[in-house]
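Comments concern the structure below.
Protein chains: 2
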Amino acid sequence: MSAAVLSGKELSEAIRAETASEAAELAAAGIPPRLAVVIATADESSAWYVRSIARAAEKAGIVCDLVDLGPDAAAGTIRETLAELSGDPVVHGVILQTPLPGGAALEDLASAIAFEKDVDGASPLSLGRLAAGLPAFAPATAEAVVALLDHHAIELSGRHAAVVGRSTVVGKPAAHLLLDRNATVTVCHSRTADLAAVTSAADIVVAAVGRAGLITAEHVRPGAVVVDVGTNPTAEGGLVGDVDAGSVRGRAGALTPVPGGVGPVTTALLLRHTVRAAARTGGAAARVGREGSG
Amino acid sequence: MSAAVLSGKELSEAIRAETASEAAELAAAGIPPRLAVVIATADESSAWYVRSIARAAEKAGIVCDLVDLGPDAAAGTIRETLAELSGDPVVHGVILQTPLPGGAALEDLASAIAFEKDVDGASPLSLGRLAAGLPAFAPATAEAVVALLDHHAIELSGRHAAVVGRSTVVGKPAAHLLLDRNATVTVCHSRTADLAAVTSAADIVVAAVGRAGLITAEHVRPGAVVVDVGTNPTAEGGLVGDVDAGSVRGRAGALTPVPGGVGPVTTALLLRHTVRAAARTGGAAARVGREGSG
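Those protein sequence lines, which keep their order, are chains F and Z. Those letters in the first sequence? Residues 1 to 294, by the working numbering. Those letters in the second sequence? Residues 1001 to 1294, by the working numbering.
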């Protein structure tokens, strides 16, 4: 028996096609959707990710501005840049790329992103509204976890999900989204006493730690669904997840691949959020974005 | 064997004494701490709670204004009142009492409370900052859970806590506070498939549902610590928790009483937050409140 592969390809293509069509409508209405990516790092995997967003945005008909402040940018400069972009009426979405220069915290700086333009749900206000069940853009990665499970018709209500990782960008918002869908949710982390005992009690395991191969067969109940959010660069220039797929494949009921699982859905949702944010600024385009914040 | 009683009496008295002394210093410096309680309900247990806050505030040297808008107040009126009080320099803390008139959501209305005066952590921004690990006032009830466990020297790090209830005012913020203290946290709720199986796997059970007697011996692992957040009025005019104490007492290692457990600590923390908020507005009183938001 081998775990079913929960690919993100089909879903991400569907979201991107829908987004491209909404973007074209908006552009025709005089509101070309525009995403600003603020960069303050020379990190290579970050640069790779930014290029892939920029390419995907272009294909979807979204203008993507890369605002590179350099790896030595001061926190104050980053904050001012985010505030300026938030105040610029032609910009609809603003994201701040990580890692950040020495000591700066994403949660703190992201407070400078206006709520309506916070398309990657990075600000504390977005997180709080998400947790409170009020409309907000969720962090795209966290939303991708739930969207991928939905796409593959995996029931969430009443099931027990273990989220491994408690970051503000993935673990915590994913926990809130799963709770909102009536899952019972356990959040585990580096200080969890017996990780395998906790995760193997769950129907669904979401691995979002950033440590290659952390989740092995012993962490997974036979037949459980495993979502791998990790994207860890290998020495050979490839990408591996937080799940040791070779070990887990024979035990899990279903597993998201890396690459090709959560990743492409994340990018697609980021673009969808940008278009939805643009739709809200223009009454002329009221027809687009009627489905809420995602 | 009978469970140890985790009383809130000693801790609440200590916090109230410290708060009274800080309030006196502030008053002497020309900044009498002031709390505004906005009421839009004729609910009796709410009225009882408000009176107890007002009495406790008075004893601690905090001015307490009851702003009663009546049970038919429109959401817009409540919002405007919260915004006005937020803008009033002599008011340091603002809380909105529940229940609210037909359909109004606390999370939504509480957005109108200025972050610095949100002494009961009711606004989405406070919740998001709490979840992101940034300074914020936590909802007093959620903070009281952790404060009471700390006071009784109960270890949290690496232990498994089950929070029963996912409200924005208690369950969710308590989960974040426990996570922040390195507990592994499971959030359960009305849709949890087998509640007793989930809670009896935990070292610490926090019951915050508002249903008298929901938690019985079968929900508790022998020796576990049980925190009862429930305050359910009885037909006889008394108060009972969410825990069936008679059933749980013989099995749990420790149990918080109702009344006399989380409740008095909650009130004391609300007063402490108000004094801390007042201390921050006055440079003259910088010595007070140096310990952060609590």
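Where a beta carbon is used, it is the ideal one built from N, C-alpha and C, also for glycine.
With respect to the beta strand (DSSP E) encompassing residue i, which residues constitute its N-terminal and C-terminal limits?
| i | result |
| --- | --- |
| Z/G1087 | Taken as a continuous stretch (DSSP letters only), Z/G1087 belongs to no beta strand (DSSP E), being part of the alpha helix (DSSP H) at A1075 to G1087. |
| Z/T1184 | T1184 to C1188 |
| F/V248 | Premise fails: F/V248 lies in the alpha helix (DSSP H), A245 to V248, not in any beta strand (DSSP E). |
| Z/I1039 | R1034 to I1039 |
| F/A207 | I204 to A207 |
| Z/L1127 | Careful: Z/L1127 lies outside any beta strand (DSSP E), inside the alpha helix (DSSP H) at P1124 to A1131. |
| F/H160 | H160 to V164 |
| F/L96 | G93 to L96 |
If the criterion is Cβ atoms closer than 8 Å, does the pair residue i and residue j meet it?
| i | j | result |
| --- | --- | --- |
| Z/S1200 | Z/R1221 | yes |
| F/G128 | Z/A1235 | no |
| F/L11 | F/A254 | no |
| Z/P1124 | Z/P1173 | no |
| Z/V1226 | Z/V1243 | yes |
| F/C64 | F/A73 | no |
| Z/L1178 | Z/L1148 | no |
| F/T186 | Z/T1281 | no |
| Z/I1272 | Z/I1015 | The amino acid occupying residue 1272 of chain Z in the given sequence is Arg; Ile does not appear at that position. The answer is yes: Cβ separation under 8 Å. |
| Z/A1110 | Z/P1071 | no |
| Z/T1098 | Z/S1052 | no |
| Z/G1008 | Z/T1216 | no |
Assuming the contact rule is C-beta atoms closer than 8 Å, residue i and residue j should be a hit. Round their C-beta distance to whole Å, please.
| i | j | result |
| --- | --- | --- |
| Z/L1035 | Z/A1004 | Actually they are not in contact, since the Cβ atoms of Z/L1035 and Z/A1004 sit about 34 Å apart, beyond 8 Å. |
| Z/A1023 | Z/A1060 | 6 Å |
| Z/H1176 | Z/A1196 | So it is not a contact: roughly 25 Å between Cβ atoms. |
| F/A162 | F/V198 | 6 Å |
| Z/S1126 | Z/A1136 | 5 Å |
| Z/A1122 | Z/L1096 | 6 Å |
| Z/V1090 | Z/T1081 | Z/V1090 to Z/T1081, Cβ: 15 Å. No contact. |
| F/H160 | F/A212 | Their Cβ separation, rounded to whole angstroms, is 26 Å, which puts F/H160 and F/A212 out of contact at 8 Å. |
| Z/T1274 | Z/G1087 | Actually they do not touch by this definition, with Cβ atoms about 17 Å apart. |
| Z/A1277 | Z/L1026 | At roughly 10 Å, the Cβ-Cβ gap does not stay under 8 Å, so Z/A1277 and Z/L1026 are not in contact. |
| Z/R1181 | Z/S1002 | Going by Cβ atoms, the distance from Z/R1181 to Z/S1002 rounds to 27 Å, so no, they are not a contact pair. |
| F/R79 | Z/G1158 | F/R79 to Z/G1158, Cβ: 36 Å. No contact. |
| Z/V1258 | Z/G1241 | 3 Å |
| Z/T1077 | Z/L1069 | 6 Å |
| F/V50 | F/V38 | About 10 Å; that fails the 8 Å criterion. |
Assuming residue i is part of the alpha helix (DSSP H), what are its boundary residues?
| i | result |
| --- | --- |
| Z/T1145 | In the sequence as presented, Thr is not what sits at residue 1145 of chain Z; that position holds Val. Start and end: A1140 to H1151. |
| Z/V1170 | Here Z/V1170 belongs to no alpha helix (DSSP H), and DSSP marks it neither H nor E. |
| Z/L1069 | From DSSP, Z/L1069 is part of no alpha helix (DSSP H); its letter is neither H nor E. |
| Z/L1109 | L1106 to L1109 |
| F/G121 | Per DSSP, F/G121 belongs to no alpha helix (DSSP H) and is neither H nor E. |
| Z/V1332 | Since the first residue of chain Z shown is 1001 and the last is 1294, residue 1332 of chain Z is not available in this structure. |
| Z/V1226 | Segment V1225 to D1228 is the beta strand (DSSP E) holding Z/V1226; no alpha helix (DSSP H) there. |
| Z/L1026 | K1009 to A1028 |
| Z/T1192 | Segment: none, Z/T1192 is in no alpha helix (DSSP H) and carries neither H nor E. |
| F/A42 | Premise fails: F/A42 is in no alpha helix (DSSP H) and is neither H nor E. |
field: Interface residues of the stretch 1185-1199 of chain Z facing chain F [CB-CB below 8 Å]
entry: Sequence-ordered contacts of the stretch 1185-1199 of chain Z with chain F read V1185, T1186, V1187, C1188, H1189, R1191, T1192, A1193 and V1198 [C-beta pairs closer than 8 Å].
Contact the stretch 259-277 of chain F vs the stretch 224-236 of chain F: 3+ CB pairs below 8 Å: For the pair of segments examined, the stretch 259-277 of chain F was found to touch the stretch 224-236 of chain F: the number of CB pairs separated by less than 8 Å reaches three.
task: Could you list the residues in the stretch 116-132 of chain F with a C-beta less than 9 Å from some C-beta on chain Z, going in chain order?
output: Residues of the stretch 116-132 of chain F whose Cβ lies closer than 9 Å to any Cβ of chain Z, in chain order: S123, P124, L125, S126, L127, G128, R129, L130, A131 and A132.
- prompt: Counting Cβ pairs closer than 8 Å, one from the stretch 95-115 of chain F and one from the stretch 1098-1118 of chain Z, do we hit at least three?
  reply: Judged by Cβ distances under 8 Å, the stretch 95-115 of chain F makes no contact with the stretch 1098-1118 of chain Z, as fewer than three pairs qualify.
- request: Count the CB pairs spanning the stretch 264-279 of chain F and the stretch 3-22 of chain F that are closer than 8 Å, and state whether there are at least three.
  value: The stretch 264-279 of chain F is in contact with the stretch 3-22 of chain F.
message: Check whether the stretch 195-212 of chain F and the stretch 165-176 of chain F touch, using three or more Cβ-Cβ pairs below 8 Å as the test.
response: Result yes; three or more Cβ-Cβ pairs closer than 8 Å.
query: If contact means a Cβ-Cβ distance below 8 Å, which residues of the stretch 1160-1173 of chain Z contact chain F?
result: For the stretch 1160-1173 of chain Z, which is checked against every Cβ of chain F, the residues closer than 8 Å are H1160, R1166, T1168 and K1172.
query: Any chance the stretch 1060-1073 of chain Z sits against the stretch 1028-1046 of chain Z, with 3 or more Cβ pairs inside 8 Å?
result: Between the stretch 1060-1073 of chain Z and the stretch 1028-1046 of chain Z, the count of C-beta pairs closer than 8 Å reaches three or more; the two stretches touch.
field: Near-chain Z residues of the stretch 103-117 of chain F - C-beta to any C-beta below 7 Å
entry: Under the 7 Å Cβ criterion, the stretch 103-117 of chain F contributes E107 and D108.
- request: Can you give me, in chain order, the residues of the stretch 145-157 of chain F that have a beta carbon less than 7 Å from any beta carbon in chain Z?
  value: If you check each beta-carbon in the stretch 145-157 of chain F against every beta-carbon of chain Z, the ones closer than 7 Å belong to S157.
query: Quick one, which residues of the stretch 231-243 of chain F are near chain Z if we go by CB-CB under 8 Å, in chain order?
result: Within the stretch 231-243 of chain F, no residue has a Cβ that lies closer than 8 Å to any Cβ of chain Z.
field: chain Z contacts made by the stretch 204-231 of chain F, where a contact means CB separation under 8 Å
entry: Using a CB distance below 8 Å, no part of the stretch 204-231 of chain F faces chain Z.
- request: Below 7 Å between beta carbons is the criterion; list the residues of the stretch 72-92 of chain F that meet it against any residue of chain Z, in chain order.
  value: Flagged: no residues at all.
- request: Could you name the residues of the stretch 1-23 of chain F whose beta carbon sits closer than 7 Å to any beta carbon of chain Z, in the order they occur along the chain?
  value: Listed by position, the residues of the stretch 1-23 of chain F near chain Z (Cβ gap below 7 Å) amount to none.
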